[in-house]
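Shown next, in structure tokens, is the structure this report addresses.
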């Protein structure tokens, strides 16, 4: 499957095939939730169309803060919380009309328990999520806003055509005016 937005760094073939074989195709309208922060996490899905954002809300201001995206050809889940129904740490929302092949966390656990090779895949998924989150955290501290914007574009070519300026700004942890300035500088050759 061609990835419209993102580039995966792990081999996901076995999990994709599992979702195709055992999953239910589910359609989401823009704004529909897969998971809600604080509720038991339940789902693991392979995105076949569209994209999802992971959001959390400010402690004192209730503002939406985007922490991650899942795009076509990627998985969308609150991993590993979906495996045992722990509270979701983020709300996961469709950013546009989207579809996925969805299985429950319980189905995924049963899949992992089939043999040692699948159990190793469980570990690989956990390590992948940890690496992604760690990289995002490190980039927040060592990269400028422009560098974080450019890293996002490397991971997700074409993303700016589909996301609101506010969503990109939230993910980069900057004001929307900063993203506008970065875009202007890139377009007109500024530093």
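Numbering (my numbering), first residue to last: 1252 to 1442. We put the beta carbon where it would ideally sit given N, CA and C, even for glycine.
Judged by DSSP in its simplified three-state form, residue 1273 adopts helix.
Checking the DSSP bridge columns, you'll see residue 1326 partnered with 1297. Looking at 1438, 1355, 1419 and 1318, the one whose alpha-carbon comes closest to that of residue 1288 is 1318.
In its chain, beyond the 5 residues on either side, 1377 have a beta carbon closer than 7 Å to the beta carbon of residue 1331.
Inclusion of residue 1411 and residue 1420 in the CB contact set at 7 Å is not warranted, their separation being larger than that value. Listed in chain order, the beta strand (DSSP E) runs fully inside the segment 1325 to 1370 are 1326 to 1328, 1342 to 1345 and 1349 to 1355, counting runs of at least 3 residues.
Leaving aside the five residues that flank residue 1422 on each side, the residues in its chain whose CB is nearer than 6 Å to its CB run, in chain order, 1317. Beta-bridge partners assigned by DSSP to residue 1302: 1322.
Assignment of residue 1429 by DSSP, reduced to helix, strand and coil, places it in the helix class.
A direct Cα-Cα distance of roughly 15 Å separates residue 1280 from residue 1322. With a beta-carbon spacing of about 13 Å, residue 1303 and residue 1339 fall beyond the 8 Å limit used to define contacts.
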